[in-house]
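Everything below concerns the one structure shown next.
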Amino acid sequence: MRHVMEALGKAKVIVEDGKVVYVGEPKVKYCPLFAKHRGIKEITKEEIKKNIEFRIKDFGLFTKDRKVLEKDYIVPFGASEIIMSALKRKVVDCSVIVSDCAGTVITNNPYLVQGLCGRISGIIETSPIKEVIEKIEENGGIVLDKEKAKIDQVLGVKKAKELGFKKIIVTVTSLEEAKKCKELGAITFGVHLTGIEWSEEIEKYFDLLTSCASKCLRERLRNIKAQIGKTIPIFALSEVGKEILLERAKDLDGVLITLESLPKLNENQPRPLL
Numbered sequence: 049m050r051h052v053m054e055a056l057g058k059a060k061v062i063v064e065d066g067k068v069v070y071v072g073e074p075k076v077k078y079c080p081l082f083a084k085h086r087g088i089k090e091i092t093k094e095e096i097k098k099n100i101e102f103r104i105k106d107f108g109l110f111t112k113d114r115k116v117l118e119k120d121y122i123v124p125f126g127a128s129e130i131i132m133s134a135l136k137r138k139v140v141d142c143s144v145i146v147s148d149c150a151g152t153v154i155t156n157n158p159y160l161v162q163g164l165c166g167r168i169s170g171i172i173e174t175s176p177i178k179e180v181i182e183k184i185e186e187n188g189g190i191v192l193d194k195e196k197a198k199i200d201q202v203l204g205v206k207k208a209k210e211l212g213f214k215k216i217i218v219t220v221t222s223l224e225e226a227k228k229c230k231e232l233g234a235i236t237f238g239v240h241l242t243g244i245e246w247s248e249e250i251e252k253y254f255d256l257l258t259s260c261a262s263k264c265l266r267e268r269l270r271n272i273k274a275q276i277g278k279t280i281p282i283f284a285l286s287e288v289g290k291e292i293l294l295e296r297a298k299d300l301d302g303v304l305i306t307l308e309s310l311p312k313l314n315e316n317q318p319r320p321l322l
């Protein structure tokens with residue numbers, strides 16, 4: 049069972065049969081989120097290996113023991129938390145996400161979204177694990193490809209439409225993927241965008257996106273409807289994206305809403321930006 053993930057620091061990690069067998073060199077050396085939540089002040093290959101091993105032990109990442117449901121948030125405004133709130137509050141009626149052990153998953157269960165996506169990074173390749181797929185299906189998830197655990201968000205959106213869903217939100221990792229999903233009428237949420245090349249089409253085809261450690265998104269986005277966070281901000285680039293961000297805010301206390309020129313950043317950013 050082989051699984052490949054782009055983990056913290058944008059480093060490639062390979063896990064086989066529940067063991068970390070390869071860790072690539074991280075391109076990002078400091079991430080404010082991991083510094084705050086895991087105490088990692090510098091991202092090294094050793095820290096990455098320890099973090100992935102912790103995830104395997106803690107919630108069964110890449111194994112048959114994978115926990116698939118979660119009601120609590122990991123961070124206040126992560127992509128999975130935002131989608132969870134959007135589903136709970138009926139702003140969307142379906143999501144197309146990616147999970148280890150299953151690949152592309154279609155679901156309208158908010159707690160399945162949070163369970164599957166709340167603590168993973170960018171899944172590049174995964175192998176199907178029967179026990180995990182069964183748990184996903186028991187909790188309202190539809191696995192696009194149970195034989196190979198294919199990751200194909202465009203096919204996932206097409207399948208969701210065939211199932212009768214109308215307002216579909218999909219996570220995408222490239223502009224090309226966003227274009228294809230937007231042409232199908234989906235709401236596009238860009239994730240794992242560190243290193244993305246700038247194009248003015250980004251503002252046209254993404255409804256929401258995470259800035260990750262992207263230099264160009266911080267410096268060149270201008271038509272921002274709303275922003276959440278100043279360290280690794282999430283930007284809404286459309287009216288529906290803004291609506292979804294505000295719905296997430298309703299699920300939290302201590303929310304400050306103000307008018308600013310966007311983007312608005314603080315000094316505590318990932319390093320280096322790519």
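49 is the number of the first residue of the sequence shown in the numbering used here; add one for each residue after it. We put the beta carbon where it would ideally sit given N, CA and C, even for glycine.
Collapsing the DSSP output to three states places E315 in coil. The beta carbon of L164 sits closer than 7 Å to the beta carbons of V116, I145, S147, V153 from its chain, once the five residues preceding and following it are set aside; these are given in chain order. The beta-bridge partner set that DSSP reports for R50 consists of E64. Nearest to E186 by alpha-carbon distance, out of G126, P74, T155, I88, is T155. The beta carbon of D65 sits closer than 6 Å to those of M49, all from its chain and outside the five residues before and after it, given in chain order.
Membership of A226 in any beta strand (DSSP E) is not indicated; the residue belongs instead to the alpha helix (DSSP H) covering 223-231.
I130 is not a Cβ neighbour of R319, given a cutoff of 9 Å. When C-alpha distances from T242 are compared across G57, V52, M53, H51, the shortest belongs to G57.
L211 is not a Cβ neighbour of L203, given a cutoff of 9 Å.
Boundaries cannot be given for V239, as no beta strand (DSSP E) includes it and DSSP labels it neither H nor E. Non-local C-beta neighbours of I171 in its own chain, meaning closer than 6 Å and more than five positions away in sequence, comprise M53, V146, D148, ordered along the chain. Secondary structure of A127 (DSSP, three-state): helix.
A check of alpha carbon separations from E225 across H51, L109, G238 identifies G238 as the nearest. Going by DSSP, F283 is part of the beta strand (DSSP E) stretching over 282-284.
If the five residues before and after K215 are omitted, its C-beta is found closer than 8 Å to the C-beta atoms of V139, V140, D141, C142, I235, all from its own chain and listed in chain order. As a beta-bridge residue in DSSP terms, I216 pairs with C142.
Counted as a single uninterrupted DSSP element, the alpha helix (DSSP H) harbouring L203 occupies residues 201-210.
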